[in-house]
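Down below is the structure, laid out as structure tokens.
Number of protein chains: 4
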Amino acid sequence: MKVALAYSGGLDTTVAIRWLQEKYGAEVYTVTVDVGQEEDFKEIEEKAYKSGAVKHYHIDARQKFAEEYVARAIKANALYEGEYPLSSALSRPLIAEEVAKIALREGCDAVAHGCTGKGNDQLRFDATFAATAPDLKILAPVREWNMNREDEIEYALKNGLPINPRKSRFSIDENLWGRSIEAAELEDPWTEPPNEAFKLVKPLEETPNTPEELVIGFTGGIPTSLNGENSTMLEIIGKLNKIGGQHGYGVIDHIEDRVIGLKSREVYEAPAALILIKTHMDLEKMILGRRHLSFKQQIDKTWAEMIYSGLWADPLRKALDAFIDESQKNVTGEVRIKLYKGTMRITGRRAEKAAYAKEIITYSRESLFDQKAGEGFSKLWSLETRLTTLSEK
Amino acid sequence: MKVALAYSGGLDTTVAIRWLQEKYGAEVYTVTVDVGQEEDFKEIEEKAYKSGAVKHYHIDARQKFAEEYVARAIKANALYEGEYPLSSALSRPLIAEEVAKIALREGCDAVAHGCTGKGNDQLRFDATFAATAPDLKILAPVREWNMNREDEIEYALKNGLPINPRKSRFSIDENLWGRSIEAAELEDPWTEPPNEAFKLVKPLEETPNTPEELVIGFTGGIPTSLNGENSTMLEIIGKLNKIGGQHGYGVIDHIEDRVIGLKSREVYEAPAALILIKTHMDLEKMILGRRHLSFKQQIDKTWAEMIYSGLWADPLRKALDAFIDESQKNVTGEVRIKLYKGTMRITGRRAEKAAYAKEIITYSRESLFDQKAGEGFSKLWSLETRLTTLSEK
Amino acid sequence: MKVALAYSGGLDTTVAIRWLQEKYGAEVYTVTVDVGQEEDFKEIEEKAYKSGAVKHYHIDARQKFAEEYVARAIKANALYEGEYPLSSALSRPLIAEEVAKIALREGCDAVAHGCTGKGNDQLRFDATFAATAPDLKILAPVREWNMNREDEIEYALKNGLPINPRKSRFSIDENLWGRSIEAAELEDPWTEPPNEAFKLVKPLEETPNTPEELVIGFTGGIPTSLNGENSTMLEIIGKLNKIGGQHGYGVIDHIEDRVIGLKSREVYEAPAALILIKTHMDLEKMILGRRHLSFKQQIDKTWAEMIYSGLWADPLRKALDAFIDESQKNVTGEVRIKLYKGTMRITGRRAEKAAYAKEIITYSRESLFDQKAGEGFSKLWSLETRLTTLSEK
Amino acid sequence: MKVALAYSGGLDTTVAIRWLQEKYGAEVYTVTVDVGQEEDFKEIEEKAYKSGAVKHYHIDARQKFAEEYVARAIKANALYEGEYPLSSALSRPLIAEEVAKIALREGCDAVAHGCTGKGNDQLRFDATFAATAPDLKILAPVREWNMNREDEIEYALKNGLPINPRKSRFSIDENLWGRSIEAAELEDPWTEPPNEAFKLVKPLEETPNTPEELVIGFTGGIPTSLNGENSTMLEIIGKLNKIGGQHGYGVIDHIEDRVIGLKSREVYEAPAALILIKTHMDLEKMILGRRHLSFKQQIDKTWAEMIYSGLWADPLRKALDAFIDESQKNVTGEVRIKLYKGTMRITGRRAEKAAYAKEIITYSRESLFDQKAGEGFSKLWSLETRLTTLSEK
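Residue numbers (my numbering), protein chains in the order written: chain A, 10 to 402; chain B, 10 to 402; chain C, 10 to 402; chain D, 10 to 402.
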């Protein structure tokens, strides 16, 4: 049996290599996908081979991730439950797809992932695997085994697997769109996350004493410039993570609802994601009408819920994206922000094709607006309220 | 003809007193409703009489406003277009109702307001007037007259009306739930609001160098304590406006869609409103399930859109509130926040009847969760995705 | 071990009695709940004992079903995917609750149902069991066993269980709110359901040649009279099933999406359910405003989706019902229909507290409506359309 | 002044020609657009000239209407308030656009329509006029004049205008997508519409005694064949109106909410529209997944509400259509119906790319479904219900 395994280099997937060999006598092909996590990929490769992989693949998918996944998330203002920018969630279908492609190329019989049975990642891998390579079996050693972290460490030690002493007591997942921090004392929702939980965002007391102003440019809903200079999304995200984090901006701490019905306290740092989504939302308001904005909120919410719950591959997601792409055609312009000690304030925005019409809105004499229209409008606007409340009497 | 006029003491309504006399030969009853604006109400009374009012009423509605209007807004997490806590919008139906009650008591033929024909306030007054006193005529001098600010000043000077040199070049509306700032250079959405626009929120560079921690307690979705001490909503709001503002927190700056189809750049300061809504949202996540939270977002959004567009009196609003009241039964608990130089971070939350279940979610050995359920769940969760994508091939 | 089993008398649950004994050495308490199915309950009791039950319970829940479940469905216009009136779905939480109550009374260790693992009923039983008797184990023999109908018959014959030669080749579920027909040739969605599939609805060619007119009266959203005569819901439903069916009305045939992601061709007959829901929808339009009706559609849709997917016990359902109850306060009036050869036409409706205002709407001279308000309304109604389309140019 | 007027040949617009001359000294260009109404267009032209038009245009837009407007309505399952297939509403933006194009070509200063100020049509004309020819003035004589039908007749008689004795006491609007019937005794919602109100749909007692079976084929969501024979949409609609009407199918009678807040009793006959929308809805269920169908309901509802309320030209409508177009890619297949004495029953459907999977759903031995997945799914599906209800205790 030949198996392609999504390999992160961490405990779960390292243990999985050996387990797949033991249980299925499998030849394991490990696939590591670079979506912007800071890792020693050489070391990961070595660990894979030491643990028994027959072949290791390293795939640099950073640009693809930015342009085909993150760009869609920005246009959809994607914040699950109003908070989480989907950093891990967005990367899973891409990773799964890359693994499935290797599996097909190598003639594997199965694809595998290291997700547990109580999280969301299993949904994301399983759905994309099934949609991309429907004829391959899906294996999920950790879930099948029903193991927890402590059991895994025991197994690794017993089998001489190359696991590192953990860098931190937290459970971390990271890519260019954000970093998630779970477990240890964070499992108590009343406990404040300690400074050492964070890597991108500086403690507020160590941030600069001078505010920093930035201008972010969008074209068709996608970030294309920073401070007037055209850049790739990859560069813009990299810079905003750095600058935002330096100023202490980008921490998220909330109670999150997993698809399987459990609540979990989640802490994230995502300076670039928050800056880009919030400036994008602001810019949209210059261009789209009231009804359009209101309806798009439902599209956006559904988009975020779908990605969160692993349904990237579903035809509904594509239909949502068709709506979004059409709505973004004119979302071109600039937004100016000010960063200072954890605060991000939007201080100005401008757009070529703005529906904002200063000459009508103005309070001064040049206003083109005939107020008498207001009378008729107001009368009929609440006519049904009058008729229904009257009829109650 | 006898007319009851909602009187703020400002230019629009002062001019309106005279105009109602001139045009309709009306006896004007002025009604000023205290919803927490900082004003010299003695001076307002004097202005009313100087401008020709036959009788002036002053009504202290602060507690009613907090307990019957603001409380509903908190339970509904009410932020119009994701940003505006509805400070002015919420107060209008209450003011209109008080004016209509006076009108009925004094045997008036009409009620009147000083709103223009291009804003939202006309909708709020007209709808509530019509629902509360359906037999009275509604007069709206400024709208009927089609005047702008400059015309009004001319008229006031010509008629010797007691108008003040404006305290600020901005157009301000204020109550205990927030303060809105419009006009002048803010009409250019690219211009940053200057420090002098703000009254409640301190410039960031003048804020304390030490963070301040607060614990806000809720009972049934309504704030009932601060730092462990039980308080009225009025007290809590007052304190949070003060403390939040001191730490530079509470500024909102966005492009807002008026009901009539115009976009307008709106700047608000609302420290208490933002703190209470955001902590309430956070607490809800400890208690309500995923589907409940997701659906309530639509209820909340519709609630905010209704209040914004003047439909407080509509039976639909009452049905939304019936949903909300039922959903808030168990929203009891505490949220801890940290304020510092414009930043508000939620750092912890706890609730008696939390659905958060640490003993199941935990990564360590005591977890009660059987991961095998995850396999079946994941398989069926995306079964339709598999069948629909397969059928496409 | 003592187990309370929801017992229908059919193949699945008869086999389950024996299986629970065999596998768990269980004492089985069978519980049959009468929700309006036409059955020989004496015979069912005998079958239970013959199959090994230690005690059999028969519970007449017809009135409770009508007044606490069906009444809610009518107020919610509940049609899953626009078609299915939830007849089986609505009964499951009631049956499960009754079984759980017996289980608690008898001191059982577990509750059990005979649902398969590919349908929706398992979700409905499992959720209600868990919410009503959270400490009891849930057993589901058919699902656990992974058996199909043919396997079960074999097992029954081998074990001498009292199974009837099936009355029909179809799989039937029935109660006062409707009858569902599945399986056999209906599994091919292109095949027309044959006449023998139906019991309540007559073949069109055998229906009377004269139309029949009925007047249905509602009070607060609930049916309370038929042709001017006050009746209980139970009576009204009974009569409408009879009269509607006689006239060939009440067949539903559609492709239905099960929660688990499978599509299934479902055929129902539900004359009373369709008549009551459609007349109720019609009456609501006389009373509720446009925005209210539009929003309630989403409430209703979500209500139907929740009940279909087994979430009756969820707090969200109760919050939806709080909205609905508030919205139904004034839904009182009468609707007249005409039944003829499969057709049901609504021909008139009237309501005490109607928002319908003939004196305003009329085209003739007495109209009270000032058309000039229309001009202002129309201008501002599409102002944002103008500004957004203009800005595109 | 030169004005292009949308001219139907009816009372409102005939009176408008003269009024525009009288009041504005206008040269009036009349434009009649054929969208499938049965009229003597020669006679209409003569009436236009007799009433004073300087030039008359007749435009055959039937194909455009079917392919660019009706086709979108079918894909969107467009039924306003669940009932009205938007026949008149859909035609208005097309008519307005044609009039605006003539106006631009003839160098007119204004466009004009004959709509009243209490209906929806004014919104539809005004919005499309403004979006298509933003620089032209919009005139609406009937609305401006605030006249009712009786006043108009008086004016016509006094001015010797060529008005016909009305063919019927009802107010009729007609095109290929349906026929609306208003006014006279129908204004009492309790009165049954008399037989003479209808033209397309035969009285039930006069319909054939033999059912008729039809098979409708769709390609990408659009009807493309009838009984296996490829046809244009125009032909299919024509045939279905005829056959459906002959069998007494296609009557709609409901209370409708106009945008301006008035309720109105509306009667329609629309055999083709109802047949095509209902068969299209049925076919979609063979192809789209559960989540997709559920979400599309909201898209469809919003689409219908937008078209009803005159917002065809809005960018939001285009974004909704982008969603719909993407969702319809695979909606290809056939639906079989049976028509008989007012009843339309769907009796079968089939599709090439169906997600319906008989081999999994079947109850018999060949089923591929592993029921054990159901257990895990069911457990986690309602886990949040369990945790939230438990926490309440």
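We put the CB at the ideal spot given by N, CA and C, even for glycine. This one's a predicted model, so the numbers in the text were calculated from it and none came from an experiment.
Taking the C-beta atoms as reference points, E278 (chain C) is found nearer than 7 Å to V210 (chain C). In the DSSP assignment, G253 (chain C) falls within the unbroken alpha helix (DSSP H) covering 242 to 255. CA-to-CA, the gap between W321 (chain D) and R133 (chain D) works out to about 8 Å.
The continuous beta strand (DSSP E) containing A15 (chain D) extends over residues 11 to 15.
Contact of L329 (chain A) with chain C is not assigned, every C-beta pair being separated by 7 Å or more. Interface criterion not met: the Cβ of S100 (chain A) is under 7 Å from no Cβ in chain D. When C-beta atoms of the stretch 33 to 41 of chain B are compared with those of the stretch 383 to 402 of chain A, fewer than three pairs fall below 8 Å, so the two segments do not count as touching. Against chain C, a Cβ distance below 9 Å from H301 (chain B) picks out D323, P324, L325, A328. Under DSSP, the beta-bridge partners assigned to V37 (chain A) are A:V12. Between the C-alpha atoms of A142 (chain B) and A136 (chain B) there is a straight-line separation of about 10 Å. In this structure, F179 (chain A) lies away from A165 (chain A), with their beta-carbon atoms at least 7 Å apart. Look at T228 (chain A) here: in three-state DSSP terms it is strand.
Counting C-beta pairs closer than 8 Å gives fewer than three between the stretch 108 to 115 of chain C and the stretch 44 to 56 of chain C, which falls short of the contact rule. For Y258 (chain D), the three-state secondary structure derived from DSSP is coil. For L396 (chain C), the closest Cβ of chain A is nearer than 7 Å. Going by DSSP, R358 (chain B) is part of the beta strand (DSSP E) stretching over 352 to 360. Excluding its 5 nearest sequence neighbours in each direction, S60 (chain D) has C-beta neighbours in its own chain below 7 Å: T23, I26, R27, L170, P171, listed in chain order.
The Cβ atoms of L348 (chain A) and H256 (chain A) lie closer than 7 Å to each other. Close to G187 (chain B), with beta-carbon spacing below 8 Å, lies no residue of chain A; the smallest spacing is near 17 Å. If you draw a straight line from the Cα of K381 (chain D) to the Cα of R152 (chain C), it is about 6 Å long.
Cβ proximity to chain C below 9 Å picks out G257, Y258, V260, D262, H263, I264, E265, D266, R267, V268, I269, G270 from the stretch 246 to 270 of chain D. Any Cβ of chain D closer than 7 Å to the Cβ of S336 (chain A) would place that residue at the interface, and such an atom is present. Contact between F138 (chain A) and A109 (chain A) holds: their C-beta atoms lie close to 6 Å from each other, under 8 Å. According to the DSSP assignment, V344 (chain B) belongs to the beta strand (DSSP E) that extends over 342 to 349.
Nearest Cα to G19 (chain D) within the set D:I53, D:L292, D:E335, D:V63: D:I53. At least one C-beta of chain C is nearer than 7 Å to the C-beta of D135 (chain D). Annotation: the continuous alpha helix (DSSP H) that includes Y164 (chain A) extends over 158 to 167. Under the Cβ distance rule, K146 (chain B) does not count among the residues neighbouring chain A, no pair being separated by less than 7 Å.
For G34 (chain C), no CB of chain A lies under 7 Å from its own CB, so it is not counted at the interface with that chain. Among the residues of the stretch 71 to 97 of chain D, none has a Cβ less than 9 Å away from any Cβ of chain B. F227 (chain A) has a beta carbon lying at 7 Å or more from every beta carbon in chain D. D:D197 is the residue among D:A121, D:D197, D:A15, D:A70 whose C-alpha sits nearest the C-alpha of A360 (chain C). Residues of chain A with a Cβ closer than 7 Å to the Cβ of F378 (chain B) are, in chain order, K127.
Excluding its 5 nearest sequence neighbours in each direction, V63 (chain C) has C-beta neighbours in its own chain below 7 Å: E36, V37, Y38, listed in chain order. Listed in chain order, the non-local C-beta contacts of Q72 (chain D) below 8 Å within the same chain comprise T241, L243, local neighbours out to five positions each way being set aside. Residues of the same chain with a CB within less than 6 Å of the CB of A119 (chain B), apart from the 5 flanking positions on each side, are V12, L145, K146, L148 in chain order.
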